[in-house]
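J.:
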Amino acid sequence: MKILTATATTQGRRPGDFNYCIEGELVWIGLVCATDRGDPDGGCGCGRAFGGMSSHRATTTAMIRDVATDRRRYTDALRASLEAQRWPTASADRLADGLIQLVDDWPVGTVVERRLDAVNVRDWPRHA
Ligand SMILES: [Zn+2]
Numbered sequence: 151m152k153i154l155t156a157t158a159t160t161q162g163r164r165p166g167d168f169n170y171c172i173e174g175e176l177v178w179i180g181l182v183c184a185t186d187r188g189d190p191d192g193g194c195g196c197g198r199a200f201g202g203m204s205s206h207r208a209t210t211t212a213m214i215r216d217v218a219t220d221r222r223r224y225t226d227a228l229r230a231s232l233e234a235q236r237w238p239t240a241s242a243d244r245l246a247d248g249l250i251q252l253v254d255d256w257p258v259g260t261v262v263e264r265r266l267d268a269v270n271v272r273d274w275p276r277h278a
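Going by the working numbering, 200 is the number at position 50 of the sequence shown; the sequence numbering is gapless.
1) Is N169 buried or exposed, if buried means 16 or more other CB atoms sit within 10 Å of its CB?
2) With distance defined between alpha-carbon atoms, name the residue in D226, T157, P165 and R198 nearest to D247.
3) Below 9 Å between beta carbons: does that hold for A158 and T211?
4) Pick out every residue whose C-beta is nearer than 7 Å to a heavy atom of ligand 1: which are they, in chain order?
5) When the Cα atoms are used, what is the spatial distance from A242 to H277?
6) Determine, using beta carbons only, whether R198 and I153 come nearer to each other than 9 Å.
7) How many Å lie between R272 and R236 at the Cα?
8) Scan the segment 192-275 and note each continuous beta strand (DSSP E) run of 3 residues or more that stays entirely inside, going in chain order.
9) Would you kindly check if the distance between the Cβ of A230 and the Cβ of C171 is under 9 Å?
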């Protein structure tokens with residue numbers, strides 16, 4: 151199934167880019183703090199970041215990859231990550247469904263970026 155994952159691809163295209171995640175790890179879209187709430191290029195970075203579900207670090211670039219898993223396992227992984235980071239887990243199912251739905255229209259290999267509540271295509275997949 152198509153899943154949002156961390157990538158270094160296209161890093162540096164925006165001045166505020168950063169990537170502390172592990173290439174290919176699953177990422178989610180976390181809440182934005184007061185510092186970045188009105189500006190995705192704010193001082194914190196969370197307003198333009200995806201959160202690494204394993205590393206608990208962040209990246210400004212994510213890639214849609216085809217990962218051999220299913221909705222149940224994906225939701226379990228997200229729930230476990232939220233729990234490990236001491237976030238509430240009650241909305242894990244809804245969050246996972248939202249992430250699955252978000253990437254549904256984009257082909258594998260698409261690179262996306264985040265601007266607060268919006269996730270936009272940064273780079274379409276290259277065909278060899
Ligand atoms: Zn923040």
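Here a beta-carbon is modelled for each residue, glycine too, at the ideal position from N, C-alpha and C.
T.: Here's the rundown:
1) Here residue 169 refers to the residue found at position 19 of the sequence shown. Classification for N169: buried.
2) The residue you call residue 247 lines up with position 97 of the sequence shown. Minimum Cα distance to D247 is reached at D226.
3) As a first step, residue 158 is located in the sequence shown; it is residue number 8 there, counting from the start. As a first step, residue 211 is located in the sequence shown; it is residue number 61 there, counting from the start. Cβ atoms of A158 and T211: closer than 9 Å.
4) V182, C183, T185, D186, C194, G195, C196 and G197
5) Here the question's residue 242 lines up with position 92 in the sequence shown. Here the question's residue 277 lines up with position 127 in the sequence shown. The alpha-carbon atoms of A242 and H277 are separated by roughly 35 Å.
6) On the sequence shown, position 48 is the one that residue 198 refers to. On the sequence shown, position 3 is the one that residue 153 refers to. No; because the gap between Cβ atoms is not below 9 Å, this pair is not in contact.
7) For the purposes of this step, residue 272 is taken as the residue at position 122 of the sequence shown. For the purposes of this step, residue 236 is taken as the residue at position 86 of the sequence shown. Straight-line Cα distance between these residues: approximately 31 Å.
8) 200-202, 212-216, 261-265 and 268-273
9) In the sequence shown, counting from the first residue as 1, residue 171 sits at position 21. In the sequence shown, counting from the first residue as 1, residue 230 sits at position 80. Contact flag unset, no.
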